[in-house]
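Engineer:
Protein chains: 2
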Amino acid sequence: MSPLIQSFVAHFGEMGSRWGINRTVGQVYALLFLTERPLNAEELAESLGVSRSNVSISLKELEGWQLVRLTRQPGDRREYYSSLGSVWDIFRAVAAERRRREVEPTLSMLRQAQLESPADPADRHAQRRMEEMYELAELANGWFDELQRLSPESLVQLMKLGSKVQKLLVLKDRTLAVLAQGDGVAR
Amino acid sequence: MSPLIQSFVAHFGEMGSRWGINRTVGQVYALLFLTERPLNAEELAESLGVSRSNVSISLKELEGWQLVRLTRQPGDRREYYSSLGSVWDIFRAVAAERRRREVEPTLSMLRQAQLESPADPADRHAQRRMEEMYELAELANGWFDELQRLSPESLVQLMKLGSKVQKLLVLKDRTLAVLAQGDGVAR
DNA sequence: CCGAATGTTCAGTATATACTGAACTATCGA
DNA sequence: TCGATAGTTCAGTATATACTGAACATTCGG
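Protein chains in written order, with the working numbering: chain X, 1 to 187; chain L, 1 to 187.
1) For chain L, check one thing: does any of its Cβ atoms lie closer than 8 Å to the Cβ of Q6 of chain X?
2) Kindly indicate which residue of X:A96, X:S163, X:E135, X:S108 has the alpha-carbon position closest to the one of G64 of chain X.
3) Can you tell me whether DSSP reads T193 of chain X as helix, strand or coil?
4) Just tell me which of X:Q157, X:L147, X:A113, X:N54 has its CA closest to the CA of R128 of chain X.
5) State yes or no: is the C-beta of L110 of chain L within less than 8 Å of the C-beta of A140 of chain L?
6) Against chain X, with Cβ distances strictly below 8 Å, would G75 of chain L count as a contact?
7) Determine, using beta carbons only, whether R69 of chain X and S82 of chain X come nearer to each other than 8 Å.
8) Around the C-beta of T71 of chain L, are 16 or more other C-beta atoms found within 10 angstroms, so that it is buried, or is it exposed?
9) For E116 of chain L, which residues of its own chain have a beta-carbon under 8 Å away from its beta-carbon, when the five flanking residues on both sides are left out?
10) Could you have a look at E116 of chain X and say whether DSSP puts it in helix, strand or coil?
11) Under the criterion of a Cβ to heavy atom distance below 7 Å, does T35 of chain L qualify as lining the ligand ATP?
12) Please determine if the region 22-29 of chain X and the region 6-14 of chain X are in contact, where contact requires at least 3 C-beta pairs separated by less than 8 Å.
13) Using the Cα positions of P159 of chain X and R100 of chain X, report the straight-line distance between them to the nearest angstrom.
14) In chain order, what residues of the region 7-23 of chain X put their CB closer than 8 Å to some CB of chain L?
15) Can you pull the chain X neighbours of T106 of chain L, defined as C-beta to C-beta under 9 Å?
16) Are the Cβ atoms of Q73 of chain X and A93 of chain X separated by less than 8 Å?
17) Would DSSP call L155 of chain L helix, strand or coil?
18) Can you tell me which of X:G142, X:I90, X:G85, X:S86 puts its alpha carbon nearest to the alpha carbon of E104 of chain X?
19) Where does D183 of chain L sit, in a helix, a strand or coil, going by DSSP?
20) Between Q148 of chain X and the rest of its own chain, which residues show a CB-CB distance below 8 Å, the 5 nearest in sequence each way excluded?
21) Kindly indicate which three-state DSSP category N40 of chain L falls into: helix, strand or coil?
22) Does any residue of chain L bring its CB to less than 8 Å from the CB of Q114 of chain X?
23) To the nearest angstrom, report how far apart L189 of chain X and S151 of chain L are at their CA atoms.
24) Considering only residues of the same chain and omitting the five flanking positions on each side of S108 of chain X, which have a CB-CB separation below 8 Å?
25) As a quick exercise: from X:K167, X:P118, X:V87, pick the residue whose alpha carbon is nearest that of M133 of chain L.
26) Y80 of chain X bridges to which residues according to DSSP?
27) Listing by chain order, which chain L residues have their CB less than 8 Å from the CB of V50 of chain X?
28) Return the chain-ordered list of same chain residues with a C-beta closer than 7 Å to the C-beta of V55 of chain L, the five sequence neighbours on each side being excluded.
29) Going straight from the alpha carbon of G75 of chain L to that of I21 of chain L, what length do you get?
30) Return the CA-CA distance between R37 of chain X and E153 of chain X, expressed in angstroms with no decimal places.
31) Let me make sure I understand the geometry here. Which of X:Q157, X:V25, X:S163, X:E131 has the alpha-carbon closest to that of D145 of chain L?
32) Tell me whether the beta-carbon of D120 of chain X lies closer than 8 Å to the beta-carbon of S47 of chain L.
33) Would G184 of chain X pass as an interface residue toward chain L - the criterion being a Cβ-Cβ separation below 8 Å?
34) Can you tell me which of the three DSSP states I90 of chain X falls into?
35) Which stretch, first to last residue, makes up the alpha helix (DSSP H) that contains N54 of chain L?
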């Protein structure tokens, strides 16, 4: 591995640990991300200096996250892996998976808590706090879901607009009304 | 601890691990979040069944994340901790801290990589991938930064709008023009 | 200034997680 | 059908992280 690639791989190994992903998984992914041609388990183990079994498990983990694609080369029995196409695809895959694994169970737990009718004042307060959290989490969850449906171009546009979006928000109702009146495009 | 509180605390202990936060830290925070009145180290250790030293370290960690506030009660030498006010505050604090600890170093590493002029084609490809990542990360980073400046109310409004924001985006330029013409509010 | 109460630090230990190497399974080509 | 190659699984081990309990530091009231 060249120093350039090395530093990226090492960094993502480190970052992985902070995100609850283990170092090898992070490094395998980082290397696949940077490398144009798909790599097989042998090459990955070799480059990263870890065992084949470790690579095998890491690849399974990455498949669970839908972050790598398995490709086969004609006339070669080995399995070649490559990372998803664009950074957008990666972002979406990670967001989707995190939601499934972390957000959904949390929402479900919070929902469950709302079904109780505690007599104890402390419990009542706790329940209110959970409700507060539930409402925001639910809202954010739905929002992310919707944003994911937007094209990357629209998202980029939205992000570039930044906080100026507030102007549109403030004027939203009138805006839509004006436009509707103007030429009938909006409804 | 009541069963209601227990289940929440246990859940966040678990979730903490997945987020690179250790179980005790997650549990201490969860308990503070649910409890109306501030708690001292003794009470936390007692409720969670862990040692005082463990609580002490966990509280320091939470202070590092700016997630808890230290309050003192008149005529009591003990330090009482409480969680930040609203879920929004928490969200902001976590986002800000994650950016500082994880996003910034990553951006800096990626920026560094752009300064090289590698001869090797593999390195050139790697560099292009890193550039791709850098651009998106930079954009998303800036966006988050701007969103944080919006009031919770505006954010809620934006989230509720969901993907319908796209309509506003598509029409953005004309929208602003029409409004400007209409009454001179937008610029 | 002393003793009790509170908070911090740290060495040692427990626990959890990652990783290896070897055994095993599956599949292909000859 | 056999040997070689690829992939998987798993028991054992290494490593990292969390946690405890005791020693230490600090602060307060008397």
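Ideal Cβ positions, reconstructed from N, Cα and C, are used throughout, including at glycine. None of these values were measured; they are calculated from a predicted model.
Structural biologist: Answer, in terms of the structure:
1) no
2) X:A96
3) In the structure as shown, chain X begins at 1 and stops at 187. Residue 193 of chain X is therefore absent and cannot be evaluated.
4) X:A113
5) no
6) no
7) yes
8) exposed
9) D123, Q127
10) coil
11) Summarising the ligand content, the structure contains no ligands, and the ligand ATP is consequently not present.
12) yes
13) Note that residue 159 of chain X is Met in the sequence shown here, rather than Pro. Between M159 of chain X and R100 of chain X, the C-alpha separation is close to 25 Å.
14) S7, F8, H11, M15, S17, R18, W19, G20
15) H11, F12, M15
16) no
17) helix
18) X:G142
19) Caution is warranted here: a pLDDT of 48 is assigned to D183 of chain L, below 50, making its placement in the model unreliable, and the coordinate value is therefore given only provisionally. Helix.
20) R92, A95, A96
21) strand
22) no
23) Any property of residue 189 of chain X remains undetermined from this structure, which presents chain X solely from 1 to 187.
24) none
25) X:V87
26) X:N40, X:T71
27) Those do not exist, as V50 of chain X stays about 20 Å from chain L at its closest Cβ, beyond 8 Å.
28) V28, A41, L44, A45
29) 34 Å
30) 27 Å
31) X:S163
32) no
33) Residue placement at G184 of chain X is poorly supported in this model, since its pLDDT is 43, which falls under 50; the coordinates are not used for a value here.
34) helix
35) 52-64
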